[in-house]
Structures are given as structure tokens and as C-alpha cells.
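Data block below; observations after.
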Amino acid sequence: MKLLRAQVDSGSRISGHLVWGIVIICVLPLILTLIGLDFGQDKPKAMYSLSKTSSSSMTDVMFHTLAGSFTHTILEWTAFCTAAFTVLFAFIHFSIKRDVTTPIIGVALFCAGAMDAFHTLAADRLIQAVADNKDLIPFTWALCRIFNALIMIIGVGLFLIKPKQRIKGDLRFILITTLVFGSIAYTLIHISAVSSNLPRTQFSNSVITRPYDVIPLILFLFAGLFIYLPFYRRNPSLFSHALLVSVIPEIAVQFYMAFGSSTLFDNFFNIAHALKIIAYLVPFSGLALDYINTYKEEQRVSGKLLGLNTELEHEIAERTKVEEKQTQLVSKLEGTNKELKDFAYIISHDLKAPLRAIGSLSHWIGEDYASCFDEEGQNHMNLLKGRVDRMNNLIEGVLKYSRVGRIREKPIELNLNSLVADVIDSLDQDETIEIQVRNKLPLVFGEMTPFIQIFQNLISNAIKYMDKPKGKINISCDEDEDFWTFAVSDNGPGIDKKYHDKIFQIFQTLIPRDDFESTGVGLSIVKKIIEGLGGTIRVESQLTEGSAFIFTLAKANLSPKLLKLEVNP
Amino acid sequence: MRDNKTILLVEDDQIDIMTVKRALKKIDVTNPIAEAHNGEEALDYLRNNPDNKPGIILLDINMPRMNGIEFLGVIKENKEFKLIPVIMLTTSKEDQDRLSSFNLQVAGYMIKPVDFSQFLEVMKAIDSYWSFSELPS
């Protein structure tokens with residue numbers, strides 16, 4: 060389970076520079092001492108005999124004598140305040156991140172700090188204490204340090220035994236822990252304060268001047284290696300890393316006290332007390348940096364969100380524009396469709412009526428005055444009749460063409476085999492032409508009339524233009540994953556390649572209408588239908604050999620899915 | 004057609020009227036032919052000839068003032084006239100017209116052919132049918 064340093068996010072480690080800075084701060088006092096500086100206040104500067112002084116300078120003397128005590132108080136109280144701010148911050152952190160480790164550990168830190176505060180108050184006689192300061196201060200100091208180490212081991216160790224996920228962010232748990240830790244702290248101090256005989260903890264002449272301070276040294280080392288380190292690995296964060304780093308000043312404090320300080324308020328005594336502040340500051344800094352990082356991250360995310368929001372708004376505005384345009388187009392289409400419908404109706408009625416009159420009148424003239432007409436006259440009358448018929452057919456052709464795609468039927472399942480069979484039956488065939496369906500035609504889902512029109516036009520064309528004594532017409536269908544490819548082929552006269560596109564145009568005939576009556580509308584209708592279904596049609600042909608009309612239809616368009624945008628005919 | 008009852012022709016186009024008359028003559032239909040040029044005129048005729056109700060009405064659809072469908076609607080509401088068989092004789096191939104006509108109980112719906120000989124066939128069919136079929140009154 061070794062996590063490489065590199066894998067851990069930089070947001071969960073205090074910078075290397077800062078760690079080195081802390082190490083330097085811990086070592087610096089030693090160096091300064093070695094070069095001759097003395098931070099001790101165990102030898103008061105002015106020594107006055109009480110009797111020789113006046114009452115005003117008496118206070119002065121007292122203050123000078125108590126210099127060490129004052130310094131001690133300031134240093135301890137600063138440490139306590141740092142602990143107080145740390146726990147406050149820890150609860151703020153908890154209120155945002157709901158990480159239950161932070162307040163618990165914060166409370167542990169605070170209890171240690173509170174112990175220190177009690178110790179100071181007892182030393183300054185602000186609390187009733189029985190034993191002599193000479194013993195009280197060193198003893199309660201050692202007690203505080205041991206308590207500090209232990210409470211931290213318990214506080215952090217709690218989360219190694221029980222992972223934080225199991226403990227819900229329940230304030231109840233935090234409250235109980237606080238009460239327990241606090242009670243222990245108070246009890247210890249109370250006992251110390253009321254006991255008249257406290258064990259000796261200060262041994263000026265030995266190497267280990269304060270042997271009781273060795274215990275917390277070992278405890279802090281143990282905590283660092285076996286408690287803080289695994290805790291950091293399991294819950295990497297600036298705070299947990301800070302805890303780990305705080306072991307450095309804690310150990311430094313112990314070294315200075317255990318091996319350095321021999322009397323109250325001496326050089327190493329004051330150095331150790333000052334470094335204890337650093338030891339409290341490190342976890343506090345961890346929380347503060349975590350807070351700053353979180354805030355920065357939030358700012359970044361916030362900014363990004365804002366950016367995304369603006370982008371989204373743009374997109375929505377664009378889409379709305381497109382939709383509006385679509386709606387406009389659809390209603391325009393509907394308008395055009397209606398116009399076409401009305402137009403078709405007008406053509407059908409208003410153009411045909413005079414045509415009908417011409418037809419009738421010419422018929423009657425021909426009938427009633429037949430005797431007056433010579434051969435040429437008769438011929439003219441016939442031509443007139445023919446033209447009337449032709450015009451009628453052309454009008455019908457245009458109407459049919461305009462109806463394609465406009466008249467909407469309900470799509471149903473069509474069995475093309477039976478549909479084509481019906482179409483073949485309905486056509487006027489002669490016996491010389493053989494019409495065959497080569498393979499099984501598919502089932503499609505679509506409107507019936509367009510399909511009838513396709514096959515009717517193609518097959519009737521093949522019949523109409525057949526020039527061989529034994530005509531053959533074949534209908535087939537090939538299938539691949541996405542398309543059906545149909546073919547209507549014949550052995551008729553064929554179509555010259557240069558007309559392969561032209562024949563699909565409306566009113567185009569290859570043979571003049573005088574020689575062969577044809578509207579020239581059939582293929583254009585077929586093309587319109589097929590393209591309306593998203594397909595394609597082409598012709599392959601060899602002159603004199605025959606032609607094949609090949610068209611493809613997409614399966615996707617002929618399945619029961621509804622189209623999203625239905626235009627009303 | 005039967006009993007020499009009048010044939011009421013409701014049609015506005017002059018040539019179409021001539022066509023019907025000529026066709027009927029050609030197939031030896033001798034019943035008197037009454038003309039009305041739109042729905043209103045037709046209604047007037049019916050009201051003015053209560054004792055000489057037509058045996059059959061040949062009705063065009065597209066006429067001014069009151070078109071064929073409207074006229075049909077009116078007479079089918081009228082006790083006096085609703086039993087007279089009506090045959091639509093129109094150019095309209097519109098589904099809507101066809102539907103409306105049959106919904107109003109027409110007896111037939113014929114599209115006027117452009118070609119006169121075909122027109123004759125249509126008239127022959129009407130004549131044969133109504134010669135064999137009984138009239139309501």
C-alpha cells in the first residue's frame with residue numbers, strides 16, 4: 060500500500076519549502092545558542108536586596124524577578140490561543156466539508172492546549188495550587204506534554220480503527236468526544252493542583268535533565284510513524300500532512316527540554332516553549348491552507364461554470380433561432396401546399412370545362428356536318444379530337460404529378476408481393492408479354508398508393524414500349540443492411556445513354572406524341588415518389604436489348620417510426 | 004326513363020347542358036327536361052311545380068350562388084323532395100365531394116367525360132338503370 064509521493068495530489072501536501080522552513084526554525088535556536096545567544100531568564104538582570112529599595116522600585120524589582128514567569132505565561136498563552144483558533148477553524152472546516160476527522164482532531168489539539176492553559180494559570184497562581192512552583196511547573200509541563208501526545212494518538216488513531224465513513228458527521232459524536240477529552244484534561248490538572256507532593260521532574264545535573272520529557276519524545280515519534288503517517292496515507296489532505304509535519308517541532312521541543320533545559324525559564328526552556336507555539340501553528344496552517352485551496356478551487360470551478368453557462372445560453376439562443384426558422388419554414392410549406400392544392404383544383408375544374416366544351420362541340424360538328432366535310436376536313440376534325448384528348452391527358456398528368464407527396468395516406472404494412480401481383484393483374488396485358496417476379500419482395504411500412512404508382516408506371520411503360528415478339532419483364536429485389544434495391548427490367552427497345560437523365564423529366568417523351576401517344580409524366584411521377592422516400596432511381600440500358608429501371612429505398616424510411624415534423628397537406 | 008317524368012338538370016355550363024340534351028336525344032330519352040342554372044333556381048323550380056315533381060335530378064356540383072352539395076343538403080331535409088333520386092354529374096374527382104354526396108344519399112356519382120362518346124355511355128347507363136329500377140313515387 061505504498062503511495063508514491065508523486066501520486067498524491069499537490070493539494071494534499073504542504074510544500075517542501077515550508078517543511079524545510081519549519082526544520083530550520085527548529086534547528087536555528089540551537090545554532091544561535093552555540094554562537095553565544097542566550098534566551099534564558101533564569102538569572103534576573105538586577106539583583107537588589109529588598110531592604111535597600113524604596114516602594115516604587117520594589118514593583119520594578121518584582122517585575123524583573125518575575126521576567127521569566129511573564130515570558131513563560133506569554134509563550135504558553137500564545138500556544139493555547141493558537142490551539143483555540145485551530146479548533147475554531149476545524150469546526151468551520153467541518154461545517155463546509157463535513158469531514159469528521161477535522162473537528163475531532165481539532166478538539167484533541169484544543170484539549171492539549173487547554174491543559175497548557177491550566178498549567179500556566181496554576182503556575183501564575185491564578186488557580187489555587189498547593190505545591191511549590193519549582194515542582195508544579197515542570198511536573199504539569201511534563202504531564203501536559205504526555206497528555207498532548209496521548210490525546211493526539213487517540214484522536215487520530217480513532218480514524219485508523221474506525222474509518223471516517225462509518226462515523227457520520229454527527230455532532231453528537233463530536234460532543235461526546237469533546238466531553239471525554241475535556242474531562243480527562245480537567246481531572247489531571249485538578250489532581251496536580253490539589254496535590255501537595257508532586258514528583259520531582261527537574262534534574263539539573265544529569266544528562267537527561269528532564270527524564271519525564273523523554274516519554275512524550277518517544278510518544279511523538281511513535282505517533283508520527285505509526286499513527287499520523289498511516290492516517291495521512293488513508294486521508295491525504297493538507298491538514299493530515301500538517302499533522303505529520305508538526306511532529307518535527309514537537310520532537311524538537313522534547314529534545315530541547317529533555318536534554319537542554321535544567322532550570323525554570325532558562326535558555327532551552329524558553330526555546331522549547333516558543334517552539335511549542337510552532338508545533339500548534341503547523342496544524343492550524345494546514346487547515347488555513349486547505350481553506351485557501353478550497354476557496355481557490357471554488358473560484359476556479361465557479362468561473363468555469365459561469366463560462367459554461369454563457370456558452371449554454373448562446374447555444375440555446377442559437378437553437379431557438381433555428382427552431383423559429385424551422386417553424387417558419389414549416390408554415391411556409393403548409394401554405395405552399397395549400398396553394399398547390401387549390402391550384403390543382405382550379406386546373407382540374409376551370410381548365411377542363413372549356414376543354415370539355417371544345418371536345419363536345421367538335422364532336423357534334425363532325426357528326427352533324429359530316430356530309431359537308433371532305434377527306435381533309437374529316438382529317439382535321441380527327442386531329443382536333445386527338446388534341447382535345449391529349450390536352451385532357453396532360454392536365455390529368457400534371458394533376459397526378461402534383462398530387463404525389465401532397466395527398467397523405469396512413470402508412471400501413473405492405474406486402475409488395477401481393478401489391479405487385481395486383482398491379483400486374485390490373486394492367487392491360489397482351490399474351491405475348493411474360494411478366495415475372497424473380498424473387499420474394501419485402502414487407503414494407505408505407506403509404507399504399509405511391510407504391511402502386513411506382514410499379515404501375517414502370518410495368519405499364521415496359522408493356523407499352525415492348526417491341527419484341529416475345530416480351531419479357533422481370534421484377535426483382537436485392538437487400539442489404541440498410542437498403543432495398545428493386546429492378547424492373549425488360550427486353551424492349553432500350554434507351555440511348557444520352558437520354559438516361561432526360562426521360563425522368565416531366566412531359567419528356569423520346570418519341571413525338573404524334574407517333575406514340577404518351578403524356579411523358581409517368582417516369583417523373585415515379586422519380587418524385589422515390590426521391591420523396593429518400594431513395595434514388597436510375598436506368599441501365601442497352602439499345603435494342605432492353606432496359607432496367609433500378610431504384611433503391613432506405614429501410615429506415617419504411618419502418619413504423621413516426622416522422623418528427625409532420626407537414627399538413 | 005319511366006312514366007315520362009321530367010328530368011331536372013341542374014347545371015350552369017351552357018355547353019354541358021347542350022351535351023346532356025343531345026346525349027339524351029341520341030339515346031331516345033323523350034322525357035321533358037327542365038333546366039336550372041344553380042341550386043337556388045332549382046329550388047324555385049321544385050317549389051313552383053309541386054304537382055309535377057321531377058322523376059330524377061341530374062346535379063352538377065360547381066355552380067354559383069348555391070352549389071350542388073348545398074342544394075342536395077337542402078332538399079334532403081325537405082319531406083317533399085327528399086325521395087327524388089339525385090345523380091351527381093360533375094367533373095370533380097375530389098374525395099371530399101364524393102363523400103359529401105354519398106353522405107347526403109345520392110343515388111349515383113358520375114364524372115363527366117371529356118369525350119362525347121363516353122358521355123353517351125354514361126347517359127345510357129343512367130337511362131338503363133332508371134328504366135329498370137322503380138322510382139319512389
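Chains as they are written, first to last, in my numbering: chain A, 60 to 628; chain B, 4 to 140.
Cβ coordinates follow ideal geometry from the N, Cα and C atoms, glycine included.
Problem - contact_flag[the segment 459-478 of chain A, the segment 506-518 of chain A] where n(CB pairs < 8 Å) is 3 or more - result: yes
Practice task
With distances taken Cα to Cα, identify the nearest neighbour of I18 of chain B among A:H422, A:E434, A:L478 and A:K586.
Solution key: Sequence index remark: in the second sequence, residue 18 of chain B carries index 15 (1-based). Closest by alpha carbon: A:H422.
Exercise for the section: Select from A:C536, A:V598, A:L365 and A:G581 the residue whose C-alpha is nearest the C-alpha of K557 of chain A. Expected result: Along the first sequence, read from residue 1 onward, the residue named residue 557 of chain A stands at position 498. It is A:V598.
Exercise for the section: Give the range of the beta strand (DSSP E) segment to which R449 of chain A is assigned. Expected result: Taking the first residue of the first sequence as position 1, residue 449 of chain A is located at position 390. Segment E434 to R462 is the alpha helix (DSSP H) holding R449 of chain A; no beta strand (DSSP E) there.
Practice task
Identify which residue in A:R157, A:E374 and A:P258 has its Cα closest to the Cα of N192 of chain A.
Solution key: The count along the first sequence starts at 1 and reaches residue 192 of chain A at position 133. For N192 of chain A, the nearest C-alpha among the options comes from A:P258.
Practice task
Flag T94 of chain B as yes if its beta-carbon sits less than 7 Å from any beta-carbon of chain A, otherwise no.
Solution key: As a first step, residue 94 of chain B must be located in the second sequence, where it is residue number 91. At least one chain A Cβ lies under 7 Å of T94 of chain B.
Handout entry: C-alpha gap between F608 of chain A and N516 of chain A, whole angstroms
Key = Counting from one through the first sequence, the residue named residue 608 of chain A turns up at place 549. Counting from one through the first sequence, the residue named residue 516 of chain A turns up at place 457. So the alpha carbons of these two residues sit roughly 11 Å apart.
Practice task
Look at I90 of chain B and G71 of chain B and say whether their C-beta atoms are less than 7 Å apart.
Solution key: Here residue 90 of chain B corresponds to residue number 87 of the second sequence, with the count starting at 1. Here residue 71 of chain B corresponds to residue number 68 of the second sequence, with the count starting at 1. Cβ atoms of I90 of chain B and G71 of chain B: not closer than 7 Å.
Practice task
Could you tell me the distance, in whole angstroms, from the CA atom of F343 of chain A to the CA atom of V304 of chain A?
Solution key: The count along the first sequence starts at 1 and reaches residue 343 of chain A at position 284. The count along the first sequence starts at 1 and reaches residue 304 of chain A at position 245. Distance between the alpha carbons of F343 of chain A and V304 of chain A: 12 Å.
Practice task
Could you name the residues of chain B that H422 of chain A contacts, counting a contact when the two beta carbons are closer than 7 Å?
Solution key: Your numbering for residue 422 of chain A matches position 363 in the first sequence. Within 7 Å Cβ-Cβ: F119.
Handout entry: Where V125 of chain B sits in the DSSP three-state scheme
Key = As a position in the second sequence, residue 125 of chain B is number 122, starting the count at 1. Correct three-state label for V125 of chain B: helix.
Problem - Residue range of the alpha helix (DSSP H) that includes Q601 of chain A - result: Sequence index remark: in the first sequence, residue 601 of chain A carries index 542 (1-based). Premise fails: Q601 of chain A lies in the beta strand (DSSP E), T595 to Q601, not in any alpha helix (DSSP H).
Exercise for the section: Using 10 angstroms around the beta-carbon of T94 of chain B, count the other beta-carbons present and answer buried if the total reaches 16, otherwise exposed. Expected result: Reading the second sequence from its first residue, position 91 is the one you call residue 94 of chain B. With 16 or more other Cβ atoms within 10 Å, it is buried.
Problem - beta strand (DSSP E) runs wholly inside the segment 529-561 of chain A, at least 3 long, in chain order - result: 530-538 and 542-549
Practice task
Can you pull the chain D residues whose beta carbon is under 7 Å from the beta carbon of R25 of chain B, in chain order?
Solution key: Here the protein chains are A and B, and chain D is not one of them.
Handout entry: Nearest-angstrom beta carbon gap, N41 of chain B and L69 of chain B [assumed within contact, 8 Å]
Key = As a first step, residue 69 of chain B is located in the second sequence; it is residue number 66 there, counting from the start. As a first step, residue 41 of chain B is located in the second sequence; it is residue number 38 there, counting from the start. Per the sequence presented here, residue 69 of chain B reads as Met, with Leu not at that position. Contact holds; Cβ gap of about 6 Å.
Practice task
From the DSSP output, in three-state form, read off E490 of chain A for me.
Solution key: Your numbering for residue 490 of chain A matches position 431 in the first sequence. DSSP places E490 of chain A in coil when its eight states are reduced to three.
Exercise for the section: For the segment 253-267 of chain A and the segment 317-336 of chain A, state whether three or more C-beta atom pairs, one from each stretch, are separated by less than 8 Å. Expected result: yes
Handout entry: Inter-residue CB distance, D325 of chain A and G99 of chain A (contact presumed, cutoff 8 Å)
Key = Translated into positions along the first sequence, residue 325 of chain A becomes position 266. Translated into positions along the first sequence, residue 99 of chain A becomes position 40. Between G99 of chain A and D325 of chain A the Cβ distance is about 4 Å, and since that is below 8 Å, they are a contact.
Practice task
With 7 Å as the threshold, decide whether the Cβ of H408 of chain A is near any Cβ in chain B.
Solution key: The residue labelled residue 408 of chain A in the question sits at position 349 within the first sequence. True, the Cβ-Cβ gap to chain B drops below 7 Å.
Handout entry: Neighbouring residues, chain B, relative to N451 of chain A (Cβ below 7 Å)
Key = Position 392 of the first sequence, counting from 1, holds the residue named residue 451 of chain A. Per Cβ cutoff of 7 Å: V117.
Practice task
Specify, as a first and last residue, the run of the beta strand (DSSP E) that T504 of chain A falls within.
Solution key: Sequence index remark: in the first sequence, residue 504 of chain A carries index 445 (1-based). Inspection of the sequence shows that residue 504 of chain A is occupied by Phe rather than by Thr. Unbroken beta strand (DSSP E) run through F504 of chain A: L502 to G505.
Handout entry: Inter-residue Cα distance where the pair is H178 of chain A and F327 of chain A
Key = Taking the first residue of the first sequence as position 1, residue 178 of chain A is located at position 119. Taking the first residue of the first sequence as position 1, residue 327 of chain A is located at position 268. Taking C-alpha positions only, H178 of chain A is separated from F327 of chain A by approximately 19 Å.
Problem - Whole-angstrom C-beta distance between G345 of chain A and F58 of chain A, which should lie under 8 Å - result: Nothing can be reported for residue 58 of chain A, as the shown portion of chain A is limited to 60 through 628.
Practice task
Classify N51 of chain B as helix, strand or coil using the three-state DSSP reduction.
Solution key: Taking the first residue of the second sequence as position 1, residue 51 of chain B is located at position 48. When DSSP states are grouped into helix, strand and coil, N51 of chain B belongs to the helix group.
Exercise for the section: Determine the contact status of E306 of chain A and A331 of chain A, defining contact as a CB-CB distance below 7 Å. Expected result: Position 247 of the first sequence, counted from the first residue, corresponds to residue 306 of chain A. Position 272 of the first sequence, counted from the first residue, corresponds to residue 331 of chain A. According to the sequence provided, residue 306 of chain A is Val. The question's Glu does not apply to it. Contact flag unset, no.
Handout entry: Euclidean distance between Cα positions of K115 of chain B and M66 of chain B
Key = Here residue 115 of chain B corresponds to residue number 112 of the second sequence, with the count starting at 1. Here residue 66 of chain B corresponds to residue number 63 of the second sequence, with the count starting at 1. Cα to Cα, K115 of chain B sits roughly 15 Å from M66 of chain B.
Practice task
Can you tell me the Cβ-Cβ gap for K169 of chain A and V189 of chain A, rounded? I've got them flagged as a contact below 8 Å.
Solution key: Here residue 169 of chain A refers to the residue found at position 110 of the first sequence. Here residue 189 of chain A refers to the residue found at position 130 of the first sequence. In the sequence as displayed, the identity of residue 169 of chain A is Phe instead of Lys. Going by Cβ atoms, the distance from F169 of chain A to V189 of chain A rounds to 27 Å, so no, they are not a contact pair.
Problem - Nearest neighbour of S71 of chain A, chosen from A:E398, A:F290 and A:D433 [CA to CA] - result: Taking the first sequence and counting its residues from 1, one reaches residue 71 of chain A at position 12. That would be A:F290, whose Cα lies nearest to the Cα of S71 of chain A.
Practice task
State the Cα-Cα distance for the pair E38 of chain B and V23 of chain B, rounded to the nearest angstrom.
Solution key: Residue 38 of chain B sits at position 35 when you count from the first residue of the second sequence. Residue 23 of chain B sits at position 20 when you count from the first residue of the second sequence. Rounded to whole angstroms, E38 of chain B to V23 of chain B spans 11 Å at the Cα level.
Problem - Test: K411 of chain A CB closer than 7 Å to a CB of chain B - result: Residue numbering aside, residue 411 of chain A sits at position 352 when the first sequence is read from its first letter. So, interface residue.
Practice task
List the residues that DSSP assigns as beta-bridge partners of F608 of chain A.
Solution key: Position 549 of the first sequence holds residue 608 of chain A. DSSP lists A:V547 and A:V598 as partners of F608 of chain A.
Handout entry: Validate contact between the segment 510-524 of chain A and the segment 540-547 of chain A using beta carbons, cut 8 Å, 3 pairs
Key = yes
Problem - Proximity winner among A:A149, A:H123, A:I406 and A:D119, relative to D349 of chain A (alpha-carbon distances) - result: As a working note, residue 349 of chain A is residue 290 in the first sequence. Nearest of A:A149, A:H123, A:I406 and A:D119 to D349 of chain A, Cα basis: A:A149.
Exercise for the section: Report the partner residues of L62 of chain B according to the DSSP bridge assignment. Expected result: As a working note, residue 62 of chain B is residue 59 in the second sequence. Bridge partners of L62 of chain B: B:V13 and B:M91.
Exercise for the section: Could you tell me which of B:D15, B:K8, B:S136 and B:M21 sits nearest to N33 of chain B, measuring between CA atoms? Expected result: In the second sequence, counting from the first residue as 1, residue 33 of chain B sits at position 30. First, the amino acid is wrong: residue 33 of chain B is Thr here, not Asn. Of the candidates B:D15, B:K8, B:S136 and B:M21, the one whose C-alpha sits nearest the C-alpha of T33 of chain B is B:K8.
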